[in-house]
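There are 4 protein chains.
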Amino acid sequence: MSILTPTVLADLEKQSIELPSWAFGNSGTRFKVFGTPGTPRDPFEKIADAAQVHKHTALAPTVALHIPWDMCDFGDLRKHAEDLGVELGTINSNTFQDDDYKFGALTHEDAAIRQKAIDHHLACIDVMDATGSRDLKIWLAEGSNYPGQADLRGRQDRLHESLQKIYTRLGDDQRLVLEYKFFEPAFYHTDVPDWGTSYAQVSALGEKAMVCLDTGHHAPGTNIEFIVMQLLRLGKLGSFDFNSRFYADDDLIVGAADPFQLFRILFEVIRGGGLNNPDVAFMLDQCHNVEDKIPGQIRSVLNVQEMTARALLVDRDALTTAQKSGDVLAANTVFMDAFYTDVRPALAEWRESRGMDADPMAAYAASGYQQKIAADRVGGVQAGWGA
Amino acid sequence: MSILTPTVLADLEKQSIELPSWAFGNSGTRFKVFGTPGTPRDPFEKIADAAQVHKHTALAPTVALHIPWDMCDFGDLRKHAEDLGVELGTINSNTFQDDDYKFGALTHEDAAIRQKAIDHHLACIDVMDATGSRDLKIWLAEGSNYPGQADLRGRQDRLHESLQKIYTRLGDDQRLVLEYKFFEPAFYHTDVPDWGTSYAQVSALGEKAMVCLDTGHHAPGTNIEFIVMQLLRLGKLGSFDFNSRFYADDDLIVGAADPFQLFRILFEVIRGGGLNNPDVAFMLDQCHNVEDKIPGQIRSVLNVQEMTARALLVDRDALTTAQKSGDVLAANTVFMDAFYTDVRPALAEWRESRGMDADPMAAYAASGYQQKIAADRVGGVQAGWGA
Amino acid sequence: MSILTPTVLADLEKQSIELPSWAFGNSGTRFKVFGTPGTPRDPFEKIADAAQVHKHTALAPTVALHIPWDMCDFGDLRKHAEDLGVELGTINSNTFQDDDYKFGALTHEDAAIRQKAIDHHLACIDVMDATGSRDLKIWLAEGSNYPGQADLRGRQDRLHESLQKIYTRLGDDQRLVLEYKFFEPAFYHTDVPDWGTSYAQVSALGEKAMVCLDTGHHAPGTNIEFIVMQLLRLGKLGSFDFNSRFYADDDLIVGAADPFQLFRILFEVIRGGGLNNPDVAFMLDQCHNVEDKIPGQIRSVLNVQEMTARALLVDRDALTTAQKSGDVLAANTVFMDAFYTDVRPALAEWRESRGMDADPMAAYAASGYQQKIAADRVGGVQAGWGA
Amino acid sequence: MSILTPTVLADLEKQSIELPSWAFGNSGTRFKVFGTPGTPRDPFEKIADAAQVHKHTALAPTVALHIPWDMCDFGDLRKHAEDLGVELGTINSNTFQDDDYKFGALTHEDAAIRQKAIDHHLACIDVMDATGSRDLKIWLAEGSNYPGQADLRGRQDRLHESLQKIYTRLGDDQRLVLEYKFFEPAFYHTDVPDWGTSYAQVSALGEKAMVCLDTGHHAPGTNIEFIVMQLLRLGKLGSFDFNSRFYADDDLIVGAADPFQLFRILFEVIRGGGLNNPDVAFMLDQCHNVEDKIPGQIRSVLNVQEMTARALLVDRDALTTAQKSGDVLAANTVFMDAFYTDVRPALAEWRESRGMDADPMAAYAASGYQQKIAADRVGGVQAGWGA
């Protein structure tokens with residue numbers, strides 16, 4: 064019998080993780096972007112690659128788009144996705160690559176540039192209407208590099224005004240999720256640097272505005288699961304951008320750098336009612352700078368699934384008993400027992416029971432898809448960030 | 064003519080910085096507390112030492128107390144303070160030194176222990192009534208050391224309930240300020256680890272609850288002046304605990320570790336209307352582990368004064384012009400010009416114009432006070448943290 | 064059949080981890096030290112407690128002492144230890160608790176104080192002669208809190224001179240291991256803050272001087288396994304002080320904060336020939352501030368054993384093949400497969416095969432020892448750090 | 064009379080700071096590189112811009128080149144530089160932008176790729192012969208992103224072998240300086256992550272190999288001036304790459320983020336005999352992502368000069384007296400007095416006494432050079448990193 068109970072399996076059955084279209088394009092550092100054979104040249108090819116991840120894992124039914132990187136005929140793209148068994152998801156805006164935005168976009172001193180950035184977001188909402196997407200995700204890359212360069216307070220006020228104008232345009236079933244980030248690309252100050260700022264800003268907008276938590280966007284030593292707990296408690300956790308990091312915003316495969324941290328995060332998600340809760344979207348936001356992209360995404364969703372399974376295995380009654388009695392070691396033991404349990408064989412069984420291969424990484428490698436796209440996708444310009 | 068304009072001098076004239084009574088007692092690390100000759104044995108002697116700081120600087124008219132470390136007859140203490148030209152200020156509670164609080168106080172699983180901690184705070188409000196203090200400062204030392212040890216979410220909810228009971232008891236002119244701290248004494252999680260949590264908790268209480276920002280309580284690399292700006296903008300910055308640090312909560316003399324950071328903080332205070340604003344209390348919270356205590360406090364208030372003067376010297380019009388035109392270097396130059404201006408001679412003049420010595424450190428050293436207390440305070444138990 | 068091959072089991076069979084006598088005494092933070100029933104009052108009781116850890120795990124045959132905390136008749140103590148089935152191990156010196164050392168010991172400006180500190184170390188070598196210990200461990204708690212306070216360069220030169228005098232006194236089979244620490248108790252500078260400084264200092268002494276790596280003594284984000292690799296490569300890794308930390312030198316149970324980091328460290332130990340290598344001592348250096356002490360030590364040595372087993376399971380040939388072919392995901396998968404393998408049942412079997420209980424934590428709890436010492440050890444002063 | 068004594072002025076007179084040619088080209092983050100009018104299109108135009116910095120400051124007589132970014136006819140370039148009053152300086156190699164180097168260069172598993180990287184360095188030495196440069200600077204951008212991806216130990220050994228081959232080719236008056244960097248572009252491990260590793264590697268090569276310290280390449284909280292002190296003490300500080308940072312390797316203008324840190328670094332340089340010592344090269348390594356480039360470099364060299372002047376003002380005798388007597392506050396006061404002294408008017412006088420404009424920033428702005436290059440440099444491809 065599986066170590067995963069029917070209840071646990073039912074939870075896992077419902078799990079879905081959104082893939083970022085840009086993970087299938089090239090990415091890198093300011094020093095170098097390495098290209099790879101078979102990299103998509105357009106959004107249609109990105110969707111095709113994303114569909115492979117879902118095919119082998121049954122975990123990734125939706126794909127997030129980035130505007131303008133994924134500009135195309137969205138009716139066609141939606142049809143293309145559905146034909147491949149996936150759907151279009153969150154729409155991500157971009158206010159960091161236009162020359163006008165060198166000193167800010169939604170926060171810029173110049174009203175005309177602010178309006179341009181607002182209009183970009185309204186255009187993104189048009190895209191959402193076309194794609195059937197629910198969420199508009201705003202990562203605010205704005206900030207300054209030198210003390211004195213910017214008026215921190217004025218920018219915060221202008222940010223509120225700009226967000227308000229975007230918020231007003233949202234449909235009844237649409238949401239705005241505001242991502243925070245500790246630093247980069249700005250080095251001295253970032254206009255939404257922490258969860259507190261994102262929380263204050265979205266609270267001032269209304270119920271359709273939520274916080275997006277990217278697991279790589281915190282200061283060293285930050286207890287991220289505490290923030291997860293708090294945002295769930297405050298009813299404002301809108302989505303996750305999963306990835307992992309050792310030092311900065313490394314955008315590595317989720318769970319790769321500190322698997323135990325991912326376990327603790329998922330435990331708080333479950334504890335706070337955030338698992339399989341439509342209000343809390345699970346997304347990846349990663350860069351496969353040196354590893355293969357499609358297998359990198361497969362590994363990522365498997366990591367989230369495996370760690371969710373481990374977190375679901377925590378004996379909550381035993382944990383509560385130990386916590387209430389102040390038995391530190393007993394409580395920690397209950398917690399670690401779940402983490403150290405090897406759920407991989409049971410998940411392989413689960414996949415087989417659904418007609419999938421036990422080992423998605425091997426199945427993908429054996430499928431010949433990688434060789435096919437490497438052979439087919441010759442010529443054109445490989446997709447990337449256009450930085 | 065002084066480089067400090069009459070307007071700047073008028074602002075400096077109003078400045079007052081509260082001293083912590085515990086800075087005059089012994090403190091140290093978990094490895095060692097070094098004692099020094101002349102260290103106070105009781106709150107009366109601490110107040111006497113604090114009065115010396117005010118005498119030589121005219122900057123420190125109030126003294127914060129810590130309960131139970133400063134338990135005594137508060138009517139007598141108030142009279143004693145007034146006789147020495149100072150007043151009693153903020154009352155600090157203590158929920159980290161009773162054996163019952165090993166696993167929490169206001170957040171404890173056990174309702175009886177929570178009530179004990181609440182009662183302690185109600186007793187502190189009684190003290191406030193006796194001392195005429197406005198602010199009850201709560202630093203929540205609670206947390207856990209091991210993942211699984213504590214129910215993060217449950218503790219947060221219990222914290223709210225406990226704070227609510229304390230808040231209700233506040234008088235019309237009294238306030239509760241909630242301090243946040245990144246880590247220590249708990250190592251895995253802290254119940255109020257960041258400004259966002261403190262903000263969410265005090266917002267749920269009401270207008271008399273505010274956030275206390277201790278400059279040493281942040282993760283590495285945190286932009287503290289941004290938080291100052293944000294809390295002022297949200298109307299929730301209740302007080303500062305000034306000190307400085309290189310790595311952790313070092314509690315060094317304010318401005319000693321990163322003077323430019325102090326400048327940036329004070330600039331945002333001024334920019335956001337927080338200077339000489341009764342809603343925003345300036346306090347020190349420091350430990351003089353290896354340096355002399357009274358001179359350490361004198362140096363501290365002088366550091367705040369000098370840096371306030373520099374921040375007041377920023378040419379705000381020129382700064383705005385440069386910011387609006389995107390001239391990064393010009394804006395930074397305006398900012399740095401103020402920082403690099405040597406205000407010390409002008410402040411020495413200002414002191415002399417008020418009948419004080421130009422050099423408070425020298426004046427104190429020459430006063431013979433240190434020799435006197437070293438000679439007089441023989442026997443008894445030197446004050447410390449009682450850890 | 065066990066997942067642990069005979070080769071792996073043979074390696075595990077040889078593993079030994081030294082316990083610190085001070086882990087059985089009370090410890091805490093600068094804010095509070097909580098006492099617990101049954102805490103030892105003298106070194107003899109500490110050794111008795113340490114023997115319990117070895118009894119239930121067969122992993123901890125030696126106990127490190129701290130001078131002067133463990134001063135006693137060392138002939139008696141050695142006999143006492145042997146009667147209980149353990150031996151005395153590393154001798155730790157203390158240059159941070161004497162009032163003379165407020166501004167340094169081996170680095171002090173005053174030659175008389177330096178000599179006092181040197182003499183203390185010579186006395187420690189006398190203790191080593193009496194206890195039969197091989198290693199003198201020097202953790203240099205010296206440093207300064209304020210820029211300008213100390214002459215960094217002069218202190219470094221004096222440190223060399225002082226160490227030279229201690230080194231000269233070592234017996235042929237004795238060693239000096241020099242521990243480095245990022246910060247605390249000094250906050251601005253520490254005289255041996257990093258492995259580079261320790262390496263430079265011990266290299267200048269000679270072959271009997273080595274570096275001690277405490278896993279909690281690094282800056283945020285430091286790749287500790289890299290340092291392990293480098294020191295092994297340079298032939299200068301003398302010993303480990305194992306513990307874990309979230310933020311600073313938390314001294315938590317090894318493996319508790321970041322189990323994957325412990326795995327990576329042990330993998331590099333194995334890769335570099337440091338496992339069961341007499342030159343590389345495995346020690347714990349932890350504080351059980353809130354959890355039970357003896358079970359805390361049992362958990363600790365089990366954590367090291369379990370993670371060593373996982374690291375031994377890495378398929379080195381497969382890893383090398385993947386590394387050589389630049390297959391990032393395959394290499395990472397080989398690595399993670401070992402980490403995620405649940406070795407606990409196999410280790411339980413191994414214990415049973417040696418006549419021990421499968422579950423050392425349960426066996427200790429059931430033994431009644433804790434109740435016995437709580438009842439017996441009444442009166443006297445509980446051991447602690449004497450801070 | 065100037066506050067700068069003749070001795071101080073004589074030291075300042077000798078100061079020279081090398082400029083990086085790449086600071087005059089475009090740079091940015093992985094998200095965006097903003098171009099600016101007038102940006103050089105080739106090394107000749109970079110040299111012309113660099114000469115402007117020297118013209119207005121008399122501080123920057125040499126320019127470092129980066130190979131292959133600055134490949135050209137070096138005889139012509141040398142002549143061009145001399146005509147403009149500057150000289151060619153350090154040659155920087157590049158092993159991070161060739162597709163072959165995705166998994167390493169000097170450390171690669173494949174001997175053929177290692178040889179390619181070695182050959183690149185030998186070609187750089189050929190360039191040095193042509194340019195008359197003394198120093199070959201190697202920043203090793205190599206590392207890995209995922210645990211298990213790379214054999215840390217094997218790479219370190221291969222690094223030694225590769226460096227040895229390069230070292231052997233150095234001329235009698237040439238040097239190799241090895242830069243270390245905490246992280247980026249690799250995220251999990253970097254092959255030369257800290258000064259200890261660079262020191263161990265260059266020590267194994269010989270006297271012509273030295274360490275390069277980039278002030279932005281350390282973990283959070285690292286005491287950089289301590290490393291400066293230690294490397295000077297060990298005789299292995301070959302050069303500085305000056306810049307500043309708030310969080311990661313931000314490459315901001317030196318002194319911009321933490322001016323007091325720059326002061327402390329320069330104090331240790333002076334204390335350790337590193338000022339105007341030919342063995343210790345002062346260089347900038349910065350990116351002007353959002354500010355003007357030529358004025359950015361002018362500001363940078365002025366910052367170094369001003370802070371050197373402040374550090375030279377420290378009353379070393381008074382400092383020593385305070386340090387020897389354990390008077391923490393007195394020592395700190397001596398130190399801070401120098402930092403807070405406004406040396407800018409005296410340096411303006413010094414410039415005027417040498418026939419330069421008092422305000423180099425204003426003089427450059429008034430010169431019309433910026434307008435001229437903006438008008439002239441039309442067409443072609445603006446120089447950048449070619450990432």
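Chains as they are written, first to last, in the numbering used here: chain S, 64 to 450; chain W, 64 to 450; chain Z, 64 to 450; chain X, 64 to 450.
Yeah, the Cβ is synthetic: ideal placement off N, Cα and C, and Gly gets one too.
The structure presented is a predicted model; accordingly, all values stated were derived computationally and were not measured.
Exercise. Is any beta-carbon of chain X found at less than 8 Å from that of R93 (chain S)?
Worked result: yes
Problem set entry | Extent of the continuous alpha helix (DSSP H) run through V332 (chain W) | P322 to R334
For this session: Please state if the CB of G284 (chain W) and the CB of Y310 (chain X) are separated by a distance shorter than 8 Å.
Result: yes
Exercise. With a CB to CB cut of under 6 Å and the five nearest residues on each side skipped, what residues in its chain are close to D443 (chain Z)?
Worked result: The question names Asp, yet the displayed sequence has Gly at residue 443 (chain Z). Counting only Cβ-Cβ distances below 6 Å, and skipping sequence neighbours, we find R104.
Exercise. From which residue to which residue does the beta strand (DSSP E) around E150 (chain S) run?
Worked result: E150 to N155
Problem set entry | alpha helix (DSSP H) segment containing F345 (chain S), residue limits | Counting along the chain, F345 (chain S) falls outside any alpha helix (DSSP H), though it belongs to the beta strand (DSSP E) covering A344 to L347.
Exercise. Just checking, does the segment 196-208 of chain S make contact with the segment 246-254 of chain S on the three C-beta pairs under 8 Å criterion?
Worked result: yes
Problem set entry | Short CB-CB distance (under 8 Å) between Y310 (chain X) and chain W | yes
Exercise. Quick one: does R353 (chain X) have its CB under 8 Å from some CB of chain S?
Worked result: Per the sequence shown, residue 353 (chain X) should be read as Val rather than Arg. Interface residue, yes.
For this session: Figure out for me which residue from X:L233, X:R327, X:M370 and X:M346 has the closest Cα to the Cα of A186 (chain X).
Result: X:L233
Exercise. Does the beta carbon of F289 (chain S) come closer than 8 Å to any beta carbon on chain C?
Worked result: You won't find chain C in this structure, because its protein chains are S, W, Z and X.
For this session: Would you identify the three-state DSSP class for C275 (chain X), choosing helix, strand or coil?
Result: strand
For this session: Under 8 Å Cβ to Cβ from D136 (chain X), same chain only, skipping five residues before and after it: list those, please.
Result: none
For this session: Give a yes or no on whether the minimum CB-CB distance between F330 (chain Z) and chain W is below 8 Å.
Result: no
Exercise. Using the C-alpha atoms, what's the distance from G91 (chain Z) back to G389 (chain X)?
Worked result: 29 Å
Problem set entry | Three CB pairs or more closer than 8 Å across the segment 207-225 of chain Z and the segment 387-402 of chain X | yes
Exercise. For T500 (chain S), which of helix, strand or coil comes out of DSSP?
Worked result: Lying before the first or after the last residue shown, residue 500 (chain S) is absent from chain S, which here runs from 64 to 450.
Exercise. Comparing the C-beta of P256 (chain X) with each C-beta of chain S, is any distance below 8 Å?
Worked result: no
For this session: Answer yes or no: do K95 (chain S) and F94 (chain X) have a C-beta to C-beta separation smaller than 8 Å?
Result: no
For this session: Report the three-state DSSP secondary structure of W202 (chain W) (helix, strand or coil).
Result: strand
For this session: Provide the residue span of the beta strand (DSSP E) that contains V353 (chain S), from first to last.
Result: Premise fails: V353 (chain S) is in no beta strand (DSSP E) and is neither H nor E.
Problem set entry | Chain-order list of residues whose beta-carbon lies under 7 Å from that of D74 (chain S) (same chain, five-residue window excluded) | L338, N339 and L375
For this session: Mind the definition here: the segment 144-154 of chain X touches the segment 113-120 of chain X only if three or more C-beta pairs lie below 8 Å; say whether that holds.
Result: yes
Exercise. In the segment 102-133 of chain Z, which residue ranges form an unbroken beta strand (DSSP E) of at least 3 residues, counting only runs that do not cross its ends?
Worked result: 125-129
Problem set entry | Contact set between D313 (chain S) and chain X, taken where Cβ atoms lie within less than 7 Å | F250
For this session: Report the partner residues of G91 (chain X) according to the DSSP bridge assignment.
Result: X:V96
Exercise. Which value, in whole angstroms, describes the spacing of the CA atoms of L169 (chain X) and M424 (chain Z)?
Worked result: 49 Å
Problem set entry | Member of W:I229, W:Q433, W:I357 and W:M346 whose CA lies at the smallest distance from the CA of D189 (chain W) | W:I229
For this session: Drop a sphere of 10 angstroms on the beta-carbon of E76 (chain S), count the other beta-carbons inside from all chains shown, and report buried for 16 or more, exposed for fewer.
Result: exposed
Exercise. Is V397 (chain S) near Q349 (chain S), with beta carbons less than 8 Å apart?
Worked result: no
Exercise. Comparing the C-beta of E224 (chain X) with each C-beta of chain Z, is any distance below 8 Å?
Worked result: no
For this session: At 7 Å on the CB atoms, spell out the chain Z contacts of Y403 (chain W), in chain order.
Result: Chain Z residues near Y403 (chain W): none, gap ~18 Å exceeds 7 Å.
Problem set entry | D236 (chain S) and G301 (chain S) closer than 8 Å at C-beta | no
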